[in-house]
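Undergrad: Residue numbers (numbering that gives the first Met the number 0), protein chains in the order written: chain H, 0 to 326; chain D, 0 to 283; chain Z, 0 to 269.
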Amino acid sequence: MKMSLVLEARHIEGGYDLGSSFLKAVDDCSLYAYEGEMLGVAGESGCGKSTLAKLIMGLTKPPLRLVKGKSIIDDIDVYKLSWNERKKILWGKVVTMIPQASMNALNPTKKIKDVVFDVVREKYSTPPSKSEILDMAKKRFDEIGLDPVALDMYPIELSGGMKQRAIIAISTLLNPSFLIADEPTSALDVSTQKLLLELLYMLIKRNIVKTLIFISHDIATLRQICDKMCIMYAGKILEISDTEDVINRPLHPYTEKLMESVIPLIPSIRKKTLKGIPGAPPNLLNPPSGCRFHPRCRYAMPLCKEKEPPLREAKKGRFVSCWLHLG
Amino acid sequence: MTERIVNAGKLIVRYKKLLIGVTMLVAIIAFCTLGMLLYPIDPKAIIFRDLQPPSSTNPLGTDVFGRDVLAQLIHGTYNSFRIGILAGLIATLIGIVVGAAAGYFGGMLDDLLNLITNTFLVIPTLALLIVIASYIRIRSELMMVLIIGVTAWPWTARAIRAQVYSLKTREFVDLAKISGLPKYEIIVFEILPNMLSYIVMCFTLQMAGAILSEAGLSAIGLGPTALITLGMMLRWTIVWEAPRIGTWWWFIPPGLIITLIAVSFLLINNGLDEIYNPRLRRMR
Amino acid sequence: MNMKEEALLRVENLTKIFKTGFLGKGEKIIAVNDVSFFLKKGEVLSLIGESGSGKTTIARLILKLLKPTSGRIYYEDTDIWEISDKAYWRKVQAIFQDPYASFNSFYKVERTLKNVFKLFPDKVSEGEKDKKVHEALEKIGLNPKEVLGKHPFELSGGQMQRLLLARCLIIDPEVIIADEPTSMVDASMRVILLNIFKELSKKADKSIIFITHDISQAFYISDRVLVMYRGRIVENGPVEQILFSPQHPYTKRLISDVPKLHEKFKFTLT
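1. Contact defined as beta carbons within less than 8 Å: I believe L150(H) pairs with A180(H). What is the distance between those atoms, to the nearest angstrom?
2. In chain order, what residues of the same chain lie with their CB nearer than 7 Å to the CB of S20(H), ignoring the 5 residues before and after it?
3. What's the gap between the Cα of L187(H) and the Cα of M161(H)?
4. Just to confirm the assignment, what range does the alpha helix (DSSP H) spanning M35(D) have?
5. How about L371(D) and P242(D): do their beta carbons lie closer than 7 Å?
6. Write down every uninterrupted run of the alpha helix (DSSP H) in the segment 51 to 109 of chain D whose length is 4 residues or greater and which is fully enclosed by it, in chain order.
7. T150(D) lies in the alpha helix (DSSP H); which residues open and close that run?
8. Can you name, in chain order, every residue of its own chain whose Cβ lies under 7 Å from the Cβ of G70(Z), other than the five neighbours on each side?
9. Express the C-alpha separation of S29(H) and E238(H) in angstroms, rounding to a whole number.
10. Looking at the unbroken beta strand (DSSP E) that takes in E81(Z), where does it start and where does it end?
11. What are the partner residues of S240(H), as DSSP defines its beta bridges?
12. Using 7 Å as the threshold, is the C-beta distance between D256(Z) and S124(H) below it?
13. Nearest CA to the CA of M228(H): which residue from I11(H), R9(H), G39(H) and Y15(H)?
14. Do you know offhand how far I143(H)'s Cα is from E109(Z)'s?
15. Who pairs with P237(Z) in a beta bridge, going by DSSP?
16. The alpha helix (DSSP H) that contains V31(Z), what's its start and end?
17. Please tell me whether T220(H) has its Cβ less than 7 Å away from any Cβ of chain Z.
18. Would the beta-carbon of K259(Z) fall within 7 Å of that of L257(H)?
19. With burial defined as no fewer than 16 other Cβ atoms inside 10 Å of the residue's Cβ, what is the status of G316(H): buried or exposed?
20. Using a Cβ cut-off of 7 Å (strictly closer), state whether D173(D) contacts chain Z.
21. Which whole-angstrom value describes the C-beta separation of M246(H) and A41(H), a residue pair presumed to lie in contact below a C-beta threshold of 8 Å?
22. Considering only the alpha carbon of each residue, which of G270(D), Y164(D), V199(D) and M143(D) lies closest to T228(D)?
23. Using the rule of at least 16 other Cβ atoms within 10 Å of the residue's Cβ for burial, across every protein chain shown, is R66(D) buried or exposed?
24. What does DSSP give as the partner residues of S206(Z) in its beta bridges?
25. Per DSSP, which one or two residues make a beta bridge with W90(H)?
26. Whole angstroms is fine: what's the gap from R281(D)'s alpha carbon to K16(D)'s?
27. Quick check: what's the CA-CA separation for I190(D) versus Y99(Z)?
28. Under the assumption that V63(D) contacts L50(D) (Cβ atoms under 8 Å), give the Cβ distance between them as a whole number of angstroms.
29. Listing by chain order, which chain H residues have their CB less than 7 Å from the CB of L268(Z)?
30. Taking Cβ-Cβ distances shorter than 9 Å, what residues in chain Z pair up with L166(D)?
31. Measure from the alpha carbon of P120(Z) to the alpha carbon of each residue in M159(Z), K130(Z) and S83(Z), then state which is nearest.
32. Is it buried or exposed, L216(D), if we count other Cβ atoms within 10 angstroms and call 16 or more buried?
33. Check each residue of the segment 21 to 51 of chain H: if its Cβ is closer than 8 Å to any Cβ of chain Z, include it; give the result in chain order.
34. Rounded to whole angstroms, what is the Cα-Cα separation between F243(Z) and F218(Z)?
35. Between P266(H) and chain Z, is the shortest Cβ-Cβ distance under 7 Å, so that the two count as touching?
36. List, in chain order, every chain Z residue whose beta-carbon is nearer than 8 Å to that of L180(D).
So this is what it looks like as structure tokens:
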């Protein structure tokens, strides 16, 4: 079965204006996502994963700006729209982001339904009536397993899990086909985190949203729901493959190292010594020549220093940007 | 280049209040310091005809004794500022010592210091000043400074106490403790520097308050008898009923300068608050 | 109990109640509830629990930063409140959770690092101080030239957390209480930091209390594990025992809910 393409982001390049210099946080990144797909974007802090998400959505609020590239979501060319048009027809309706720390983002002085009214009204020049909005909200709350009674409550009356559901329900109220979750779990304890993962999984399986991009630094979290994984480093995409391949048969030396840094929960772990990756990621104002990982790579060859490896299909369905596999 | 100008423009807009306030204050200070250099007329010398309107010899006319009003204004502003700075310093210092001790040590000491602070806070300051000032026979400048300074500290102490109280639970204070730093060093070198902006704000407010207190006290006849201050100028205009006899050049200038000083400090304080308080900054 | 006798640090029936409101007439919060445990020389002991479970309060109690409501803490069989502050803090040191809040942002980090020489009984010369600071920084992989002259906000979370560890290394205490010491570093650097702690215990015979909410990290570096839940210790034993047969429902949930790299959650959609 041929799935339809929901996201087509080509050669995205962008970053932040820092007065006198420009920090290129994302450099020539292409990403595709199909209907029904859950795509994980992994990488360590400062690798550009959140910036890439913003650029894909067209959230180019200064100092962030797009230099090059194209992002098409559900046949809508994001950068052909003005900021106001993106606000009106794109965000919330076609694509929605659940940002970091959003699980505490509900205004404590407002009932859930008032938040719902605000969110919906902002998106329409002639908003639907209150009862129509309420019907919509009730339906969505039902779908994701939250009692619509919650609409009449204040955030403080909801448990942690209910709050999550309310936030997810509100963000998907206008039926966006594409959801981007940016580290939504990082501040939660493991049990609440698991509930959120289940919730995101359900959104796709029940076809409430068509596609999900899940951004996280924690690979073990990503692998729980993502079919595919994209590994980023210093503003570049280094590898895109099925989750099982990335974890069990990583191609890129960085991916390999990253997997070795994850502490497995096994009894013998106490006796083992994991390695980690010595050194630090490069300064993006002055990135190294050639492959950006070569100064920390144990397989580095002279070529790696001279020429930047392109992201190519090395094996079937497996894309990697490394001279070891592109030779 | 144009970008720089635009940025500078944005900064000016953002710090508008602070800039206007500082400009006003600098202008007033320049007026009295430069004035003393460039206008060498003795403010106490009775050498002119009395109650003359402004003229080329007396730009602001003369008072009932035949003294030059401009010279008095220059020296009066200068002396008022000196009293304000000294009294403000005393009040701020007492406030810091009491507030920091209460906030840092807590417990019984805190309760005791709070009691004292609150007692001072509920006594109407002006009434207290009147009582103190009328009991003291010698009314020198130093006495004035002490009276104002010693009565104005309570709210500074309160503000400092609250700040210290919240800062002392921060991890850097814990780390300083387990690094073996003595308590006074933790207060003076770890906690206080972190509230420097706050202390500066307290001081500007105290100084403005002290200048106004001086004016108020002097105007009702409790000021430093031998000194010319803005308050003492007002005092004479009241005694000689300057408004009734229509000598506007005598009573308007000191009143105007006092108002300008108060406004400039208010603007500076509001401006600083906007810079240091990110929430106010974002709301603009 | 033989084990207890060789304990370096012993906590007995420790309770801490915070009172709120005027004269403590308001609500009572029992942060730590009748907790007892011991720490042996050269041992890594982990304190696992979610935020609010009382683990940071225990750290502050052991560090003499808080007075217990009841209960005692002994260091080498002496009540810690009978040991002079400086002597105690030379033996027992800490790494706090938030490295940015731990350094005074008013000063360069060098000053905070050098403050520790106040703990030393004899006066240390400036040259000696520099030497010790540089040695400690090199041990944890930081370039002294790149960090010492900086203010906290100019450094990354990972660098700051390593500086806190360096600070401990300069003091060279017997016990290090590390409260979430890797919360701001990436996985690849986390393992390197954890290895330093492991080495400190195994090679330098230091005792470490490792406070975390992450059981994988705890199991990787510790000899024994304490699980805390709402101010109480609900589980206490060697890593293997707790991983294989957790007793308390909270521990069971913790182990089952942590995402694992080689295992997928099975969601049954309701």
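Glycine residues also receive a C-beta, built at the ideal position from the N, C-alpha and C atoms.
TA: With the given structure in hand:
1. Mapped onto the first sequence, residue 150(H) falls at position 151. Mapped onto the first sequence, residue 180(H) falls at position 181. Not confirmed; about 23 Å, so no contact.
2. Along the first sequence, read from residue 1 onward, the residue named residue 20(H) stands at position 21. Result list for S20(H): L284, in chain order.
3. Position 188 of the first sequence, counting from 1, holds the residue named residue 187(H). Position 162 of the first sequence, counting from 1, holds the residue named residue 161(H). L187(H) and M161(H): Cα-Cα distance of roughly 14 Å.
4. Mapped onto the second sequence, residue 35(D) falls at position 36. Per DSSP, M35(D) belongs to the alpha helix (DSSP H) from K15 to L37.
5. In the structure as shown, chain D begins at 0 and stops at 283. Residue 371(D) is therefore absent and cannot be evaluated.
6. Within the segment 51 to 109 of chain D, the complete alpha helix (DSSP H) runs of at least 4 residues are 68 to 104.
7. Within the second sequence, numbered from 1, the residue matching residue 150(D) stands at position 151. Run containing T150(D): E140 to A151, per the alpha helix (DSSP H) assignment.
8. Start at 1 with the first residue of the third sequence, and residue 70(Z) comes out as number 71. Around G70(Z): E11, N12, L13 and T14.
9. For this step, residue 238(H) is matched to residue 239 along the first sequence. For this step, residue 29(H) is matched to residue 30 along the first sequence. E238(H) and S29(H) have their alpha carbons spaced roughly 11 Å apart.
10. Position 82 of the third sequence, counted from the first residue, corresponds to residue 81(Z). Unbroken run through E81(Z): none, as it is neither H nor E.
11. Locating residue 240(H) in the first sequence gives position 241, where the first residue counts as 1. S240(H) is bridged by DSSP to M228(H).
12. Reading the third sequence from its first residue, position 257 is the one you call residue 256(Z). Reading the first sequence from its first residue, position 125 is the one you call residue 124(H). When the beta-carbon positions are compared, D256(Z) and S124(H) stay at least 7 Å from each other.
13. The count along the first sequence starts at 1 and reaches residue 228(H) at position 229. The shortest Cα separation from M228(H) among I11(H), R9(H), G39(H) and Y15(H) belongs to G39(H).
14. Translated into the one-based positions of the first sequence, residue 143(H) becomes position 144. Translated into the one-based positions of the third sequence, residue 109(Z) becomes position 110. Taking the straight line from one Cα to the other gives about 53 Å.
15. Here residue 237(Z) corresponds to residue number 238 of the third sequence, with the count starting at 1. For P237(Z), which the question treats as bridged, DSSP gives the partners R223(Z).
16. By one-based count along the third sequence, residue 31(Z) stands at place 32. V31(Z): not part of any alpha helix (DSSP H); member of the beta strand (DSSP E) spanning K27 to K39, first to last residue.
17. By 1-based counting over the first sequence, the position of residue 220(H) is 221. At least one chain Z Cβ lies under 7 Å of T220(H).
18. Position 260 of the third sequence, counting from 1, holds the residue named residue 259(Z). Position 258 of the first sequence, counting from 1, holds the residue named residue 257(H). Against a cut-off of 7 Å, the Cβ pair of L257(H) and K259(Z) comes out as no contact.
19. Within the first sequence, numbered from 1, the residue matching residue 316(H) stands at position 317. Its Cβ having fewer than 16 others within 10 Å, G316(H) is exposed.
20. Numbered from 1 along the second sequence, position 174 holds the residue referred to as residue 173(D). The beta-carbon of D173(D) is placed less than 7 Å from the nearest beta-carbon of chain Z.
21. Within the first sequence, numbered from 1, the residue matching residue 246(H) stands at position 247. Within the first sequence, numbered from 1, the residue matching residue 41(H) stands at position 42. It should be noted that the sequence gives Ile, not Met, for residue 246(H). Not really, about 10 Å apart at Cβ, beyond 8 Å.
22. Against the second sequence, residue 228(D) aligns to sequence position 229. Looking at the Cα atoms, M143(D) is the closest of the given residues.
23. Mapped onto the second sequence, residue 66(D) falls at position 67. Flag for R66(D) reads buried.
24. Translated into the one-based positions of the third sequence, residue 206(Z) becomes position 207. In DSSP, S206(Z) forms a bridge with V174(Z).
25. Here residue 90(H) corresponds to residue number 91 of the first sequence, with the count starting at 1. Looking at the DSSP output, W90(H) bridges to V94(H).
26. Against the second sequence, residue 281(D) aligns to sequence position 282. Against the second sequence, residue 16(D) aligns to sequence position 17. Any reading at R281(D) must be qualified, since the residue scores a pLDDT of 47, below 50, and its modelled position is unreliable; the value itself is stated next. Going by C-alpha positions, R281(D) is about 16 Å away from K16(D).
27. In the second sequence, residue 190(D) corresponds to position 191, counting from 1. In the third sequence, residue 99(Z) corresponds to position 100, counting from 1. CA-to-CA, the gap between I190(D) and Y99(Z) works out to about 15 Å.
28. Indexing the second sequence from 1 puts residue 63(D) at position 64. Indexing the second sequence from 1 puts residue 50(D) at position 51. About 6 Å; that satisfies the 8 Å criterion.
29. Working through the third sequence from its first residue, we reach residue 268(Z) at position 269. Listed along the chain, the chain H residues whose CB falls inside 7 Å of the CB of L268(Z) are M201 and K204.
30. Residue mapping note: residue 166(D) aligns to position 167 of the second sequence, counting from 1. For L166(D), there are no neighbours in chain Z by C-beta distance under 9 Å, as the nearest C-beta there is about 10 Å away.
31. Taking the third sequence and counting its residues from 1, one reaches residue 120(Z) at position 121. P120(Z) has its Cα closest to that of S83(Z), out of M159(Z), K130(Z) and S83(Z).
32. Position 217 of the second sequence, counting from 1, holds the residue named residue 216(D). Using a 10 angstroms sphere on the CB of L216(D), the tally of other CB atoms reaches 16 or more, which defines it as buried.
33. From the segment 21 to 51 of chain H, only E43 and S44 have a Cβ closer than 8 Å to chain Z.
34. The sequence position of residue 243(Z) within the third sequence is 244, counting from 1. The sequence position of residue 218(Z) within the third sequence is 219, counting from 1. Each residue's CA atom was taken as its position, placing F243(Z) and F218(Z) some 12 Å apart.
35. Start at 1 with the first residue of the first sequence, and residue 266(H) comes out as number 267. For P266(H), the answer is yes, since a Cβ of chain Z falls inside 7 Å of its Cβ.
36. In the second sequence, counting from the first residue as 1, residue 180(D) sits at position 181. What L180(D) touches in chain Z: N114 and K117.
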